[in-house]
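Step one of this worksheet: look at the structure below.
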Amino acid sequence: MADMLSTTTAAPAVIRRTDYQVPDWLIPDIALDFDLDPALTKVRATLSVTRNGAHDRPLRLDGDGLVPLEVTVDGRPLEQTEWHLEAGALIIPLTGEAHSVETLVELAPERNSKLMGLYASGGLLCTQCEAEGFRRITFFPDRPDILSRYSVRMIADKARFPILLANGDPIDQGDAADGRHWALWNDPFPKPCYLFALVAADLACNADSFTTMSGRAVQLGIWVKEADLPRTAHAMKALKDSMAWDERIYGREYDLDVFNIVAVADFNFGAMENKGLNIFNSRYILADPETATDIDYDGVEGVVAHEYFHNWSGNRVTCRDWFQLSLKEGFTVFRDQNFSADMGSHAVKRIEDVRILRAAQFQEDSGPLAHPIRPESYMEISNFYTSTIYNKGAEVIRMMALMLGAERFRAGSDLYFERHDGQAATCEDFVLAMEEGGQIDLGQFRRWYEQAGTPHVRAQMAHDAASQTVTLTLEQTVPPTPGQPDKQPMAIPLRTALFDSATGQHHGHELLMLTQPQQSFTFPGFASAPILSINRGFSAPVIVETNRSQADLAFLSAHDDDPFARYEAMQQLMVNVLIGRIAGQAVDDGAVIDAIRNTLTDPMLDPAFIAETIRLPSEAYLGDQMKQVDPDAIHAARDAIQTKIGTELETLWRDVHAKTKANAFSISPAAKGARKLRNAALHYLVAAGAQDGPAIAFAQFSEADNMTERQAALGSLANGSSPEREAALDIFYNRYSADALTLDKWFQTQAFALHPDAVEQVEELGRHKDFTLANPNRVRSLYGAFAGNQWAFHHKSGKGYRLVADCIIALDKLNPQTAARLVPPLGRWKRFDEARATLMRAELQRILAEPGLSKDVTEQASKSLE
Ligand code: B3K
Ligand code: ZN
């Protein structure tokens with residue numbers, strides 16, 4: 000039984016990219032027979048195996064916690080002396096070139112708390128195999144470069160599990176004895192085992208169809224609990240929009256007759272792209288105005304698209320080994336980001352994506368867990384589903400797309416898909432296809448795959464009045480990262496424009512390629528010194544330092560025609576004031592207040608863009624700008640300026656708040672924009688300390704016909720200590736305690752609160768009757784959110800560190816993958832004062848001293864101490 004036999008080792012083995020070897024044996028076909036039951040499931044697997052090349056090595060089938068009850072070769076049951084187990088794997092010496100190998104194992108899905116392999120969730124049975132979960136279901140060479148055709152037969156109790164789904168197309172089904180029934184599914188596309196899936200459930204279906212560009216009808220099904228059916232419309236729309244978008248933008252058509260999505264409550268991450276049978280964390284499927292915020296709606300749209308796009312970037316062309324993970328993830332994130340931008344606002348989507356990149360990936364890149372988008376080694380691959388692989392990976396593809404232009408990028412992607420269809424490819428294959436299809440030399444650009452760390456670019460501009468020229472000097476450095484002390488210069492595409500301050504216009508923008516450690520670019524035709532707009536659209540994932548004055552930034556915040564650059568100028572204005580204040584300087588904040596006023600009153604601007612732009616940088620982002628993070632000083636400075644902005648512009652905030660009140664809910668971009676701005680206005684109003692602030696927030700909380708406004712009002716109240724705070728929290732709890740996804744928001748809002756007692760509140764919530772370590776969404780809502788609350792988590796008592804470490808230790812025994820995801824915030828100790836650093840290190844050491852610690856947490860905690 001899987002979980003009884005799971006073992007952990009003290010020093011997990013390191014797997015290296017350069018050790019890749021082609022497989023000894025191939026498995027062109029596999030037939031799986033599941034006798035499904037939550038307490039005891041039997042799995043019979045029949046593998047056709049063929050020797051790959053001339054060698055005499057035995058067949059090695061990975062297994063994790065499995066006991067072979069029968070092993071048969073070409074129909075002959077083997078004696079126990081004819082096979083053996085080695086680190087969980089089944090080793091069978093074979094003499095011929097091709098054999099049929101059959102194994103039988105038993106599983107206990109209801110006892111599988113790791114949520115990897117076959118497990119039970121809310122009364123259904125489902126699977127999760129990526130990266131290495133298939134070996135918890137049956138003996139198999141669990142590596143992505145073994146592509147097999149799957150045929151899957153399932154039998155189960157018909158009343159309890161009326162729905163039986165697997166990959167591919169349904170072939171046959173029927174009733175069996177004892178109230179049971181069976182179904183047979185066949186997937187004609189050879190696939191790696193990490194894409195295998197099955198579901199046995201009692202669910203209802205939102206059924207629809209899509210006709211592909213060649214006229215084939217595809218049956219679509221979104222499977223959820225009956226009561227949740229009304230919450231699936233947005234996901235279905237997103238699916239159909241994604242299918243049409245991938246045809247239009249990439250020429251990629253869906254290839255099976257059916258496409259099913261199943262929502263489950265207990266899931267280790269967002270969703271999984273199993274061929275023809277996506278399995279989703281229910282939070283990325285279910286959405287209605289009562290329970291989902293606009294961010295949730297966008298999350299549903301983006302994740303449905305992401306998993307659908309994997310059908311080509313991931314499934315039809317998969318990865319040779321897990322070091323190539325960004326081949327499918329970076330490219331697919333790039334695809335889903337562009338899809339979402341096309342469905343809404345390009346400007347706002349870019350700002351949101353960069354904010355996420357800076358918050359998660361830049362932090363990772365500057366800490367002990369920094370790694371290139373194509374890592375060189377790992378202990379546990381689950382730890383490498385990181386923001387670097389996903390988000391920086393997407394930025395690297397974006398830079399290629401920018402350098403190539405739309406047409407040549409499409410030629411490159413066409414070549415990639417055509418050349419590697421049905422194969423397990425590498426990142427290098429992708430770059431080669433871009434070079435050939437797009438006619439570009441990416442020699443130096445490949446360093447983005449090899450070097451970790453966020454490059455810094457220093458930009459200095461000099462104006463020569465006599466020759467009327469401007470010289471822009473750019474210097475780049477890539478900081479040392481673990482295992483990479485010395486770095487080579489990168490190829491960095493920087494979209495740049497020079498603004499004439501007199502006319503407010505620029506002389507056209509250019510894509511500058513910075514390839515040297517230091518490089519100068521000269522621009523003629525400037526009678527006076529222009530204003531520099533650089534890294535427009537965030538053309539490269541780098542940190543740019545300029546010597547622009549507050550006046551220059553104020554100018555750009557009002558005039559830059561690149562929306563990202565305009566947002567960036569505003570953020571930089573705010574950062575300069577805040578960082579100056581934290582350093583004890585008396586920096587004038589007038590420019591910030593003026594810029595916010597101008598932005599708020601600019602009738603040409605989209606309200607969603609205004610809301611993004613007027614927002615203060617987060618406490619964590621401010622910390623990233625400092626050599627040593629001072630959480631208390633950051634909080635105090637940010638709080639003070641927030642109050643000032645709230646107070647000085649109070650009339651405007653009241654006006655905006657009143658004007659953005661809608662009559663009836665709509666999910667249109669305009670309505671979403673209005674809600675975003677309304678919430679920003681409320682936030683500043685409450686921050687202003689106006690006497691009626693809490694009452695206004697409470698009124699919004701009570702009257703809202705949607706979760707976006709209700710949760711934002713709750714969040715604004717949660718930062719303070721008014722009686723309305725407790726009243727609203729109680730009402731929210733009573734209204735939603737039966738709905739897990741919405742109750743998560745109640746935990747999360749309190750864990751995120753900028754409240755002096757947040758640590759104690761989180762400690763108490765950890766003991767709440769509705770808190771459970773068994774559900775990853777609940778864990779992330781409380782401890783994940785709390786670890787991202789810089790002021791609270793880094794409370795100087797060290798209590799925040801202890802809370803998170805206690806959670807990691809307890810959770811590791813149940814679900815190591817989710818436990819390991821909580822470790823990185825403790826690993827940032829080098830950025831803090833000695834007292835905090837000592838406390839953080841002590842918690843990491845305490846975690847590592849736990850007996851039987853998983854490979855997942857061991858890797859993260861030990862690397863975090865280095
Ligand atoms: N490919 C999956 C992620 C699997 C994570 C395994 N630890 C979802 C996605 O990126 O689409
Ligand atoms: Zn993905």
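Counting with numbering that gives the first Met the number 0, you get residues 0 to 865 for the letters of the sequence shown.
Backbone N, C-alpha and C define an ideal beta-carbon position, used for all residues, glycine too.
Computed from a prediction, not measured in an experiment: that's the story for all the values here.
Out of the options, state which residue places its alpha-carbon closest to the alpha-carbon of residue i.
{"i": "R142", "options": "F831, L25, W184", "result": "L25"}
{"i": "A557", "options": "L764, S548, A568", "result": "A568"}
{"i": "D802", "options": "P815, K812, L821", "result": "For clarity, residue 802 is Leu in the given sequence; the question names Asp instead. Taking only the C-alpha atoms, the option nearest L802 is L821."}
{"i": "H656", "options": "L403, S381, L684", "result": "L684"}
{"i": "T521", "options": "S344, N267, A243, L497", "result": "L497"}
{"i": "G866", "options": "D240, I294, A175, D769", "result": "Absent from the structure is residue 866, since the part of the chain shown begins at 0 and ends at 865."}
{"i": "A346", "options": "H419, G173, P668", "result": "P668"}
{"i": "G173", "options": "N166, P606, M153, E101", "result": "M153"}
{"i": "W652", "options": "Y296, A834, L599", "result": "L599"}
{"i": "E129", "options": "T49, K274, R110", "result": "K274"}
In whole angstroms, what separates the C-alpha of residue i from that of residue j?
{"i": "L753", "j": "K391", "result": "29 Å"}
{"i": "A232", "j": "A286", "result": "8 Å"}
{"i": "Q741", "j": "F751", "result": "In the sequence as displayed, the identity of residue 741 is Thr instead of Gln. Rounded to the nearest angstrom, the two C-alpha atoms are 15 Å apart."}
{"i": "R159", "j": "W184", "result": "20 Å"}
{"i": "D23", "j": "E708", "result": "58 Å"}
{"i": "Q624", "j": "S519", "result": "26 Å"}
{"i": "D463", "j": "D561", "result": "26 Å"}
{"i": "R494", "j": "E272", "result": "35 Å"}
{"i": "A405", "j": "L31", "result": "44 Å"}
{"i": "N597", "j": "I644", "result": "13 Å"}
{"i": "Y253", "j": "E85", "result": "41 Å"}
{"i": "S312", "j": "S701", "result": "45 Å"}
{"i": "A594", "j": "L615", "result": "12 Å"}
{"i": "P45", "j": "D73", "result": "Note on residue identity: the sequence assigns Thr, not Pro, to residue 45. So the two alpha carbons sit approximately 10 Å from each other."}
{"i": "H794", "j": "H634", "result": "11 Å"}
{"i": "M399", "j": "N718", "result": "43 Å"}
{"i": "Y249", "j": "Q816", "result": "34 Å"}
Quick check on the DSSP output: the alpha helix (DSSP H) that includes residue i runs from which residue to which?
{"i": "A432", "result": "426-437"}
{"i": "N111", "result": "Where N111 is concerned, there is no enclosing alpha helix (DSSP H), given that its DSSP letter is neither H nor E."}
{"i": "R777", "result": "775-778"}
{"i": "M153", "result": "From DSSP, M153 is part of no alpha helix (DSSP H) but of the beta strand (DSSP E) over 147-156."}
{"i": "C806", "result": "798-811"}
{"i": "G714", "result": "706-717"}
Near residue i, what residues of its chain come up, given a Cβ to Cβ distance below 6 Å and the 5 sequence neighbours on each side ignored?
{"i": "L843", "result": "L825, A860, S863, L864"}
{"i": "E317", "result": "This sequence places Thr at residue 317; Glu is not what is there. Answer for T317: P143, P191, A423, listed in chain order."}
{"i": "T480", "result": "A369, A451, G452"}
{"i": "I396", "result": "G329, F330, F333"}
{"i": "L164", "result": "V198, N259, L276"}
{"i": "S5", "result": "With a pLDDT of 43 at S5, under the threshold of 50, the modelled position of this residue cannot be trusted; read the value that follows with caution. Counting only Cβ-Cβ distances below 6 Å, and skipping sequence neighbours, we find G64."}
{"i": "T476", "result": "H455"}
{"i": "W222", "result": "L202, C204, V261"}
{"i": "D34", "result": "K41, I154"}
Which residues mark the beginning and the end of the beta strand (DSSP E) in which residue i is found?
{"i": "Q459", "result": "455-463"}
{"i": "F209", "result": "203-210"}
Give a yes or no on whether the C-beta atoms belonging to residue i and residue j are separated by under 7 Å.
{"i": "N277", "j": "G269", "result": "no"}
{"i": "G156", "j": "R179", "result": "It is worth fixing the name first, because residue 156 is Asp in this sequence and not Gly. In this structure, R179 lies closer than 7 Å to D156 by Cβ."}
{"i": "L68", "j": "L114", "result": "no"}
{"i": "A237", "j": "V303", "result": "yes"}
{"i": "A206", "j": "G220", "result": "yes"}
{"i": "A679", "j": "A610", "result": "yes"}
{"i": "F871", "j": "R16", "result": "Residue 871 is absent from the model: the chain starts at 0 and stops at 865."}
{"i": "P492", "j": "M512", "result": "yes"}
{"i": "A619", "j": "Q789", "result": "yes"}
{"i": "L414", "j": "G442", "result": "no"}
Can you list, in chain order, the residues of its chain with a C-beta nearer than 7 Å to that of residue i? Leave out the 5 residues immediately preceding and following it.
{"i": "S325", "result": "I372, R373, I388, G392, C426"}
{"i": "V576", "result": "V586, D588, V591, I640"}
{"i": "T7", "result": "For T7, the predicted structure reports a pLDDT of 44, less than 50, and the residue's modelled location is therefore unreliable. The matter cannot be settled from this model."}
{"i": "I613", "result": "I595, T598, L599, A679"}
With a threshold of 8 Å on Cβ separation, who are the neighbours of residue i within its own chain once the five nearest residues in sequence on each side are excluded?
{"i": "A784", "result": "F746, Q747, A750, F751"}
{"i": "H54", "result": "D23"}
{"i": "T210", "result": "A216, V217"}
Using a Cβ-Cβ distance under 7 Å, would residue i count as near chain C?
{"i": "I355", "result": "You won't find chain C in this structure, because it holds only one protein chain."}
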